[in-house]
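Here's the structure we're looking at; comments come further down.
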Amino acid sequence: MMTVGRIVRLAERDREEVQFLLDGETRNALDGDTVLTAMLATAH
Numbered sequence: 152m153m154t155v156g157r158i159v160r161l162a163e164r165d166r167e168e169v170q171f172l173l174d175g176e177t178r179n180a181l182d183g184d185t186v187l188t189a190m191l192a193t194a195h
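Numbering-wise (our numbering), the sequence shown opens with residue 152 and increments by one.
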């Protein structure tokens, strides 16, 4: 479970992780996330 960022995922187990770049850093999101969800779930 991803717990870093402004939102916390509670029950996401069936989607694959995908990587994207945010401000030059590689981050992980889940397949099907919106861009905003991906950014908020991985923000530092």
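Heads up, the beta-carbon is just placed ideally off N, CA and C, and yes, glycines get one too.
Inclusion of L172 and M190 in the CB contact set at 9 angstroms is not warranted, their separation being larger than that value. Distances from the CA of E163 to each of L181, T188 and V186 were compared; the closest alpha carbon is that of L181. DSSP places L161 outside both helix and strand once states are collapsed to three, so it counts as coil. Close CB contacts of V169 within its chain, under the 6 angstroms cut and outside five residues either way in sequence, are with A180 and D182 (chain order).
Under a 10 Å Cβ-count criterion, T193 is classified as buried, with 16 or more other Cβ atoms of the shown protein chains found around its own Cβ.
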